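Position in the sequence shown (first residue = 1) + 83 = our numbering. A virtual CB, placed ideally from N, CA and C, is assigned to each residue, including glycine. These numbers were taken from a predicted model, which means no experiment stands behind them. Here the structure comes first, spelled out in structure tokens, and everything after it is commentary.
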Amino acid sequence: MQKQMLDTDQKALEINLDESIYGTFAEIGAGQEVARHFFKVGAAAGTIAKTMSAYDKIYSDEIYGIEHSGRYVCEARVNKMLDHEYVLMEERLQKHMPDRNFFVFADTVAALNYSRTISGNGWMGVRFQLSPTGRPNDLVIHVKMLDNDTQLQQAAIGILGVNLIYACYYYNHDPELLVRSLNDSLEGRVVIDMIRLEGPDFVHVDNRLLCLLLVKFGLTEVSIFGANGQSKHASEFLYKKSVMVVRGNFRPPTLVTVDVFMAGFAQFLKEPEVEGHAAALLAELTLDNLEVDGNISYQDFLDRAESLCELGHPVIISNCSNHQCLINYLADYKINKLGLVIGVRELLEIINQKYHANRDGRLLVAFGELFTRNIRIYAYPVQEEDSGEIITGKNLPVPDGIKFLYQYLLDSQHIVDIEEFNADLLPIYPNTVLEMIETGDNAWMKMVPDRLAQLIIDKNLFHHEHPDFTFSN
């Protein structure tokens, strides 16, 4: 049954009337709107212990410490705020209110500025107890504001803050409901592209799944988690780096997958624009690639995520079927050089799609949107199962009407072949490997990396249900 959406005032009042909840609000920068909702609806004395507003950086530094990065709208800042304020709550109030669940709400926000050089984004989080004697949990998010007016952006932050606190206490039993509710009364006004939920009451919650839910429910088109399985934000580890992204279905990753990553990244690092600069390598799973028979299985997603993490790769989850929204997303973080690794079959699909969709004269514009100055596509070859022919970017059978444009993309090195690939691995096909895993044909074990084979067996990934299998070198 679909939940009835409560408006912001209803949520704030319900929290105020809940005698088990008591907390502090700390808001710096442009985020000065959340506590106001709780005062406005009445009965705030039952909920608010303190509100803190530190707009000046010097005051903020005196309270929460200096940010050596020079950035105040960052995850580290909101974590310091939560640490500082929660300690004060415990020290000053715990012995007086032993039956209350304490919380701290904190945000650090930069709204659209007067000169419009800042588009508006922020970090907000809640540290909260679910039982008076329990250790606290953390729910932290990153938000981009989409309104083109400063006051509207500030109002959106106020609504989102109420949604966040309400979700912590009333939707903590249901991750899907918790994530979806963050967008209540905010449709089209914010993007939430990072979420982290952790603590003693949420050891069963996989943050990789929360990343998927953000994308699935349309709160963002791009979300990222690290090789350790924890949510990450591009601003925290990709800023001004060169980035290579390998898109695939990874069901499962095979020896070919490893070759794609290794050969592609080695070639990328030799590029003049990349050599000597910090670079990052990420896998990308799209919603399209996650769909099986029209549905997304959470367990299937987690199997793929677990496999990629085992191989040491951060993972992008996106709703970017045509790459364009991923390119636009990463552009916000001043990426130095972007390399996209694409199998030649997918490259042909992209070429055909753009050709047939833009035969009205917009063909050059359509390709120009994809092939910008700092983007290069690296094509990984495929071997035809029937003929054994190896198809590369150079002999790709593109439509006749686009051959000259495609040749230009090759000549200008907007599209390049991955050169040092291992041809002996090309006969390995993921669908075949998956079928072997599911049917108990242990030949699959020689087609995936050793450590991944052991993981698949130990955790019964990809419908592997043959506990009598053992792995040996």
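query, result
"Rounded separation between Met277 and His225 - CA only", "5 Å"
"C-beta atoms of Gly203 and Gln236 nearer than 7 Å", "yes"
"Inter-stretch contact (C-beta, 8 Å, three-pair minimum) for the segment 258-275 and the segment 288-298", "yes"
"Cβ-Cβ separation, Leu176 to Val326 (assumed contact under 8 Å), whole Å", "Wrong, their Cβ atoms sit about 46 Å apart, outside the cutoff."
"Nearest-angstrom Cα separation, counted from Leu280 out to Val398", "18 Å"
"Sequence-distant residues of its chain with Cβ nearer than 6 Å to Met528 (five each side left out)", "Ala536"
"C-alpha distance - Arg442 paired with Lys324, whole-angstrom precision", "36 Å"
"His225, enclosing beta strand (DSSP E) - first and last residue", "220-228"
"Closest residue to Ile485 among Glu518, Gly471, Leu447 (Cα-Cα distance)", "Leu447"
"Beta carbon of Arg210 nearer than 7 Å to that of Leu165", "yes"
"Contact between the segment 303-321 and the segment 493-509 (3+ Cβ pairs under 8 Å)", "no"
"Simplified DSSP state of Ile540, which is helix, strand or coil", "helix"
"Exposure label - Leu391; buried when at least 16 CB within 10 Å", "buried"
"Exposure label - Gln158; buried when at least 16 CB within 10 Å", "In the sequence as displayed, the identity of residue 158 is Glu instead of Gln. Buried, because 16 or more other Cβ atoms sit within 10 Å of the Cβ of Glu158."
"Per DSSP, cross-strand counterpart(s) of Gly426", "Tyr463"
"Cutoff 8 Å; reference Leu538; Cβ partners in own chain excluding five residues on either side", "Glu389, Ser390, Glu393, Leu544"
"Distance CB(Phe504)-CB(Ala346) smaller than 7 Å", "yes"
"Buried/exposed call for Asn99, threshold 16 Cβ in 10 Å", "buried"
"Of the listed residues Asn457, Ala95, Tyr463, Phe188, nearest to Ala506 (C-alpha basis)", "Tyr463"
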